[in-house]
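Written out below as structure tokens is the structure these notes cover.
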Amino acid sequence: MRIEVTPADVADSRYAISPLGEAVSALRLHAGQRSYDGLGPWVARTRPAYERLRRELPAVGALLALLRRGGYNADFIQPPPDGTARDFAGELAVVRATPLAQARDELARNLTAPRATPPAYARRIYAAPDVVDLLADAIEAAWTALVEPDWPRLRAILERDLVHRAGRLLAYGWGAAVADLDPRLRWLPGGDVGIIEVADNDPETHSLAGKGLLFVPTVFGTLITYVEPPWPYAIVYRASGVAELLGPPDPGRPDDALDRLVGRSRAAVLRALALPATTSQLVAQLGLSLGGVGDHLAVLREAGLVSRVRAGRSVRYRRTPLGDALTAD
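Residue numbers for the sequence shown follow this note's numbering, so the first one is 50 and each next one is one higher.
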């Protein structure tokens, strides 16, 4: 596939986050439809919740039976964000508002593509008059069980990547924005028209024609392109810096100067605060006890390396400039 872009499209391009997309991608990660890529500790931690979903909610299995890589998936179950900073509830409302006729057409296209026949229970769900709500219920359950507990930290990862990428596009243009976004993307510079080449099975050429491109970073997903109406032209790509912020430190890594200065566990807490986190999030990520993390945070705070801020009912810790300096490579 080729996507034609011009310098004028830079002004109309934008970046957005999709909590609903993360919920669907988290399901696919657990189902083996995505590779872990360093997310093994998160998958292991949330595996019991995923298994419970599969047992208690047949629509989760029906949703997964629709999803495949390299082919058409019904668009209404994972529409790209529209760039208006919708939260999960807002995105789910868009899914629930899908007209039944549209859902039937997209499901038929999805199911007629060459693939294994879905199980009987899934076919009954696809034929149900409330199929849109049943599949939306499955997405909502995945969000609640798998993604929402970690969402403040996940959102921080995505927002950090979003700011970085947006700055590269505005400062340096299309080539810099596409560079290292995904190995399957290649930038082909031209005169007035440049091309983003996508290594897939689509031979078509699509032109933005002044509409701009929507970039959507993801933690759990992989490269997705949207080029069909009524959706905006969009590219979903893997955010950087994910594994080290969601999993425990490598136990085989040799101690460095920071480990020797403050102790290995305390250094792990300080490194994990590259993005703000609550005590419970640090416990889940690092595999340390609640009391141990609390003690480390107290010492780091007294030393001026971390600070804390209250957000609603939760307290989040973040590194101070001194903490950033100590952990810098």
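Idealized CB from N, CA, C, for every residue including glycine.
Counting along the chain, the unbroken alpha helix (DSSP H) around A215 starts and ends at W200 to Y221. The shortest CA-to-CA distance from G259 to any of A57, I52, L207 and A190 is the one to A57. A Cβ-Cβ contact shorter than 8 Å links L324 with A205. From the listed residues R51, I52 and S67, the smallest Cα separation to T267 is found for S67.
Counting the other CB atoms within 10 Å of its CB gives V144 a total of 16 or more, which places it among the buried residues. Taken through DSSP and simplified to helix, strand or coil, Y282 comes out as coil. When the five nearest sequence neighbours on each side are left out, the beta carbons in the same chain lying within less than 6 Å of the beta carbon of L112 are those of L184 and A187, in order along the chain.
Per DSSP, the continuous alpha helix (DSSP H) segment holding E189 begins and ends at V180 to A191. Beta bridge pairing from DSSP links Y275 with A283. When rounded, the separation of the alpha-carbon atoms in L354 and P232 is 37 Å.
Within the DSSP secondary-structure output, G243 pairs in a beta bridge with V54. With respect to the 8 Å criterion, V181 and I174 are not classified as neighbours on the basis of their beta carbons. Boundaries of the alpha helix (DSSP H) around A333: T328 to L335.
Boundaries of the beta strand (DSSP E) around A360: V355 to A360.
Going by C-alpha positions, L263 is about 43 Å away from E351.
With respect to I126, H255 sits apart: the two C-beta atoms are not nearer than 8 Å.
When beta bridges are read from the DSSP output, F269 appears opposite no residue. Here L116 carries a coil assignment [DSSP, helix/strand/coil].
The straight-line gap separating the alpha-carbon atoms of G139 and P201 is approximately 17 Å. P128 sits buried, since 16 or more C-beta atoms from the chains shown fall within 10 Å of its C-beta.
The closest CA to that of D251, considering only G239, A169 and V276, is found on V276.
Annotated three-state conformation of Y170 is helix, per DSSP. A contact is defined here as three or more CB-CB pairs under 8 Å, and the stretch 85-99 fails this definition with respect to the stretch 141-159. A contact is defined here as three or more CB-CB pairs under 8 Å, and the stretch 335-342 fails this definition with respect to the stretch 362-369.
Looking at the DSSP output, Y64 shares a beta bridge with F264. If you look at V318, you'll find it in the alpha helix (DSSP H) that goes R313 to A321.
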